[in-house]
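Sequences listed follow chains A and B, in order.
Each residue of the first sequence is one higher than the one before, starting from 20 at the first, in the working numbering.
Each residue of the second sequence is one higher than the one before, starting from 20 at the first, in the working numbering.
Glycine included, C-beta positions come from ideal geometry on N, C-alpha and C.
Quick caveat, the model's predicted, so the values are computed rather than measured.
There are 2 protein chains.
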Amino acid sequence: MSVSTVLIRGTGLLGASIGLGLRAAGSEVWLSDPSPTAARIAEDIGAGTIWDPAAHQAQPGLVVVAAPPEAVPGEVSAMLAQFADAVVVDVASIKNAVLERLKEHDAGADLSRYVGTHPMAGRERSGPVAARGELFTSMPWVICPHESSAEDAVTAAMDLARTLGASVHRMDPVTHDNAVALISHLPQIAASLVASRLQDAPAGALALSGNGLRDVTRIAASDPNLWVQILSGNAPAVVEILYGLREDVERLIRTLEAPAAPGAQADIAQLIAEGNAGVARVPGKHGSPPQSFAVVTVIVDDKPGQIAAVLNDVARAGVNVEDLRMEHSAGHQVGMVELSVLPGRAQHLAEALTDIGWKVVLS
Amino acid sequence: MSVSTVLIRGTGLLGASIGLGLRAAGSEVWLSDPSPTAARIAEDIGAGTIWDPAAHQAQPGLVVVAAPPEAVPGEVSAMLAQFADAVVVDVASIKNAVLERLKEHDAGADLSRYVGTHPMAGRERSGPVAARGELFTSMPWVICPHESSAEDAVTAAMDLARTLGASVHRMDPVTHDNAVALISHLPQIAASLVASRLQDAPAGALALSGNGLRDVTRIAASDPNLWVQILSGNAPAVVEILYGLREDVERLIRTLEAPAAPGAQADIAQLIAEGNAGVARVPGKHGSPPQSFAVVTVIVDDKPGQIAAVLNDVARAGVNVEDLRMEHSAGHQVGMVELSVLPGRAQHLAEALTDIGWKVVLS
C-alpha cells in the first residue's frame, strides 16, 4: 500500500477490522477512540497500538475515521486540522450528508485531502470484539471523491480498499447515496416493516413460518441507533423511493378491496411480474450476472458430520457447489441440503450421490 | 395410513409430489388431470397410475384435489359427487374462500366428507417434473376442518399429512387465512414491492447488492398466475394487514420529509426497534424457539471440495452445524462459510479448525 502509517479514529467493528487487515498486510497502525475501553480491546485483538501523541515522532500518512455517521463530519474536520499532511477518509454508509455537513461545519478546512468511502461490509454484531481482518474480502468498497479531492488522496483511499481485499467502485457522493437508498436502505425498511407486523401475531401463526418469512425479515435484527443515523442522513433519497412504494401499496390496497372488479386480477399479476423483472436484475455470486443453477437436494439426518459427508462426496464427484442452502422447518430432525450447481453438472452429481446411497432429488 | 387407495386430481408439483410420497409409503395411487400430458408425466415419474373409470373396480377412499386455488371449489364438488364414499381434501393455500365458494357452488353437496388442508411446502419451480416425494418432510401441514366435517374425514386428512412426513397443525379456515396473510402473503408482497423498485435501477447501483437485498427479494421470483389467485382469494385478510403497513409507511415518509424535526429520530428508532421485536418471534430451525447461535466463519477458496473439507473437519471436532451460510459478493473468487453452532461449542470449534490450518474468525 502507498500509505504505510495509518491512524484509525474509532475502533468499533469497522475500525478494528480495518486495523486487523492492515496489520496483516504489514502497515503500522495506530488506534484512537473516544472510549479508552474500545481502543484497548482493539489493541488487545491485534488491530494496532494505541495512539499516544506524546510518544510518537512519526505522523500518520492516512487517517481512517470510522465513527458513527453523525460524528463523522466533526471527526474528519478535527483530523484534517491535527494532521496537516495526512489524507483523511471516512467509512460512513452515507456520503453526501457527511460532505455537506463537513463543508458547513468547517469552511476553512483543506478538503482536498478528504475522500469519503463506504465499505459495503458489516455484521449483525458490532464492536471491536466482532472485528475481523477479512471483513472486506471480496466485498464492494465505494470510493466517493468530491469536486476538490486531490487525485493522490483518491489513490490512497483506493489503495486502502484494495489492500483489504475489497473490490473498488468509484462514484460521486449523490450517485452513491441514491444507490444505497435503493439496494440497502429500502430492503432494511421493508424487512423492519414486515417484522414489526409480527409483534402481536398469534404464536400459532408464527409456528407456520417458512424460509420465505425468514429470508425477508432477517436484516430486521439490525441496530436501531445506527439506522436512525443512516436513514435520517439519507432522507431525501430514501423518501423519494418511499413515494413510489406508497403508490404501489395504495394501488394494491384498492385492488384487494374489490378483488372481483374488472382489471383487479391483472393489477395483482402485474405487481408480481414487476417483482420478477426486478429480482432478475440482482447480480449473483461474485458479481456475475444472475444465472440459473440446477438444484440437487439431499436429505440428511440432523446430526454432526452429515453435511460434511455429503459435500465430501460432492467433491469426490468433482462438482463445484455454487450455492448451498439448508431448509429449516418445524417439528422434525431431518434436514434438506440444497446444492446449486451448474446445470450441466447436476445429472452427474445426482447419479454419483445416489450411487453412494444418498437420498437425492434432482429438479 | 388409514386410507390405502387415493385418487389425486391435479398432477402439478403438489399433486405429483403427494403421489410420489404415497407410493413410497405403499398406497395405491391413481392420477387424473385436465391435461393428459401432465397426468402422463406424473405417471412416468412414478407418482401413480392414470385413473381409468372403465378399468377400475375399486373406488378411492381418499381424493386429493391439487388444482389451482380458483379451480378447487368446482373440483371438490365434482369429486364429492363422483365418489360417494370418499373423503375429499384439497391442498390450496387459502382455505376460507374455497369453503365459501364450495357452499355457494353446490348447496346440496355432502360437505361432511370434505376437509380443507394446506401443506406449507413449495418450490420456485412448478409442474410434475419438479415433484419430489420428500417435499413435505418436516414441513407444517395445516388441517382446517369446517363446522360439518366428519371426524373420520379429519382423521384421514391428518393421516395423509403424517404419512408424507409433515407436522400437523389443526386450525379453523379463518384462523389459517389470517395466519398465512401475515407469515406468507405479506412477505411475498414486500419482496415483490422491493424488487419492482429495482426494475429501472442503474447497473452501478445493483453492482453493490449484498446479502441483505438478496434475502429480502428472493421470493419475488414467484409465479404471478398463482399469486393472483392466492392474494385475491385471501383479499380481506391481506388488505387488513396492508392498512397497517400503509400507516407505517406514511409515518416514515412524514418523518423523513423533516428528519430534523423534534421526535423524528425517535420515530425512526422505533420502527427499527419494532422490527427487532417482531423478528425475534420468528421460530428457528425445527420450530424451536429462536436461539442465538455463535458464528464461526471460515475463509475458503471457491473451488470444489473446500466446503466439504471444512465440514469434514467440523464433524471430526464433534460439533453440529445448526445453520450454514455462504457469503456471496462481487469481484472475488474467495468465499466465506458462516457456521452457526451452539455458543458453548464455538470456541472449541474455532480452535480445532485453526489448529488444522483453516483461516477462522470467531465472533
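Collapsing the DSSP output to three states places P55(B) in a helix.
For D286(B), the enclosing alpha helix (DSSP H) covers residues 283-298.
Counting the other CB atoms within 10 Å of its CB gives R273(B) a total below 16, which places it among the exposed residues. In terms of CA proximity to V360(A), E341(A) leads the group E341(A), L179(A), K378(A).
For the pair P206(B) and V235(A), the CB atoms are nearer than the 8 Å cut-off. Checking the DSSP bridge columns, you'll see R344(A) partnered with E357(A). In this structure, A116(B) is the residue among L33(B), A116(B), P147(B), T56(B) with its C-alpha nearest to the C-alpha of A279(A).
Identification of residues in the segment 285-298 of chain B having a C-beta nearer than 7 Å to some C-beta of chain A yields I287, A288, L290, I291, A292, E293, G294, N295, A296, G297, V298, given in sequence order. Within chain A, the residues whose beta carbon sits less than 8 Å from that of P302(B) are L225, A226, S228, A349, listed in sequence order. Take A128(A), set aside five residues on each side of it, and the residues of its chain with a beta-carbon closer than 6 Å to its own are S96, L99, in chain order. Chain order gives the chain B residues near M139(A) as L227, G229, where near means a beta carbon separation below 7 Å. Note that the C-beta distance between L50(B) and A58(B) is below 8 Å. By the rule that beta-carbons nearer than 8 Å mark a contact, N339(A) touches chain B. Beyond the five residues adjoining it in sequence on each side, E94(B) comes within less than 8 Å, by CB distance, of R28, G29, V84, A86, D109 in the same chain, given in chain order. Taking C-alpha positions only, Q78(B) is separated from Q366(A) by approximately 38 Å. Distance check between I69(B) and each of P221(B), V48(B), V82(B) places V48(B) closest, using alpha-carbon atoms only. The beta-carbon separation of V199(A) and S131(A), rounded to 25 Å, does not stay under the 8 Å limit for a contact.
Note that the C-beta distance between L26(B) and V82(B) is below 8 Å.
In the three-state scheme derived from DSSP, where H, G and I count as helix and E and B as strand, T156(B) is classed as coil. Residues of the segment 201-214 of chain B with a Cβ closer than 9 Å to any Cβ of chain A, in chain order: L201, I202, S203, L205, P206, Q207, I208, A209, A210, S211, L212, V213, A214.
Using a CB distance cut-off of 8 Å, A334(A) counts as an interface residue toward chain B.
Secondary structure of D320(B) (DSSP, three-state): strand.
In chain order, G152, E153, L154, F155, T182, L183, G184 place their CB closer than 8 Å to the CB of G40(B), counting only its own chain and leaving out the 5 sequence neighbours on each side. For L245(B), the enclosing alpha helix (DSSP H) begins and ends at 243-252. Against chain B, a Cβ distance below 8 Å from R265(A) picks out R265, V268, E269, I272. Annotated three-state conformation of V110(A) is coil, per DSSP. Closest in C-alpha terms to S241(B), from the list A220(A), E293(A), P255(A), E259(A), comes E293(A). Membership of I202(A) in any alpha helix (DSSP H) is not indicated, and neither H nor E is assigned to it by DSSP. Residues A313 of the same chain have their beta carbon placed closer than 6 Å to that of P362(A), with the five preceding and five following residues left out of the count. For S112(A), not one C-beta of chain B is nearer than 8 Å to its own C-beta.
Within a 10 Å sphere around the beta-carbon of P53(A) sit fewer than 16 other beta-carbons, which makes this residue exposed.
Secondary structure of G263(B) (DSSP, three-state): helix.
When C-beta distances to chain A are compared with 8 Å, every residue of the segment 117-128 of chain B stays at or above that value.
With contacts defined by Cβ atoms closer than 8 Å, A210(A) and R233(A) do not form a contacting pair. Contact note: Q218(B) reaches chain A through E293, A296, G297, R300, using a C-beta cutoff of 8 Å and chain order.
Ranked by Cα distance from V268(B), the options A256(A), Q325(A), I208(A) are led by I208(A).
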